[in-house]
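For reference, the structure is listed below as structure tokens.
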Amino acid sequence: MPLISSPEEPQIPESAQGPRVTPAAGRTAPTPRPVPGPRSAATPRPGNPGRGPARPAPPAQRPRPAPSSPAAPAPAGLKLPEEPSAAQFQLIPASADGAVDAADEAVDLLLDSGRSPGDILVLTTAELHPWAAHELSFGEAAYWAQHDAGDDVFFAGTASAGRWAPRSVVVVAVNGDVDDRAARALSDVRERAGALLIVCGDPQKINSALGAGV
Numbered sequence: 059m060p061l062i063s064s065p066e067e068p069q070i071p072e073s074a075q076g077p078r079v080t081p082a083a084g085r086t087a088p089t090p091r092p093v094p095g096p097r098s099a100a101t102p103r104p105g106n107p108g109r110g111p112a113r114p115a116p117p118a119q120r121p122r123p124a125p126s127s128p129a130a131p132a133p134a135g136l137k138l139p140e141e142p143s144a145a146q147f148q149l150i151p152a153s154a155d156g157a158v159d160a161a162d163e164a165v166d167l168l169l170d171s172g173r174s175p176g177d178i179l180v181l182t183t184a185e186l187h188p189w190a191a192h193e194l195s196f197g198e199a200a201y202w203a204q205h206d207a208g209d210d211v212f213f214a215g216t217a218s219a220g221r222w223a224p225r226s227v228v229v230v231a232v233n234g235d236v237d238d239r240a241a242r243a244l245s246d247v248r249e250r251a252g253a254l255l256i257v258c259g260d261p262q263k264i265n266s267a268l269g270a271g272v
């Protein structure tokens, strides 16, 4: 009697290791995102292709007093001239030893009232102002370059009258004897002053040197 062969069992391919999950309709498999790492100093910032790190901002400049204006109030104890073309004389009593300090206080009052630093020239009749002596230690060229720039208060001596240019406000500290040389210097400064001349010193000696009650 012939043998009846049984049907062959289906062969499972070796590549099929288990059930295959098919993504749901309408959804796509998520794409893995790279994890950001630390940014080196040479890595350009976003939005600036081809450029290196941003340059640091320049240091803030020190604010200066606002420029003078016609409406600026006059400092206490000082009277500003009504007409800029007419130089006005102001006398601040002070001893020879305290004349420089009195001049510094007058400059502070002028700046507080709105005067521009470049409008002010401070002169001494004897020893130089400490600022002038300090700046001259770096050489006369650098010292007078600051004078020529004209953007800040400048300090000089009456003996160098041929070097400094007059400004609208001149403050003189009579910090020595009022001899013939100092008297001539005061007269010269008074003629060359612009809008306002302030002299700090002994009133009697200054009045005598200028030849009139001032």
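Residue 78 in this note's numbering sits at position 20 of the sequence shown, with consecutive numbering throughout.
We put the CB at the ideal spot given by N, CA and C, even for glycine.
Measuring alpha carbon to alpha carbon, tell me which residue in the options is nearest residue i.
i, options, result
"R225", "L168, L186, A253", "A253"
"T216", "H205, V227, A240", "A240"
"A152", "A267, L268, K263, G269", "K263"
"Q146", "G220, V257, P188", "V257"
"G259", "L169, A191, G234", "G234"
"D155", "Q148, A184, I178", "A184"
"H187", "R221, V227, D238, A160", "A160"
"A251", "A207, S195, D238, D177", "D177"
"G208", "A223, L244, L167, A199", "A223"
Going by DSSP in three states, residue i sits in which element: helix, strand or coil?
i, result
"A240", "helix"
"L186", "coil"
"V211", "coil"
"V247", "helix"
"A154", "coil"
"A199", "helix"
"C258", "strand"
Since residue i and residue j are thought to touch, with beta carbons under 8 Å apart, how far apart are those beta carbons, to the nearest angstrom?
i, j, result
"V229", "V165", "6 Å"
"F213", "V247", "So it is not a contact: roughly 14 Å between Cβ atoms."
How would you write the range of the alpha helix (DSSP H) that residue i sits in, first residue to last?
i, result
"P261", "261-268"
"A160", "157-170"
By the DSSP assignment, the beta strand (DSSP E) with residue i in it spans what residues?
i, result
"A231", "227-231"
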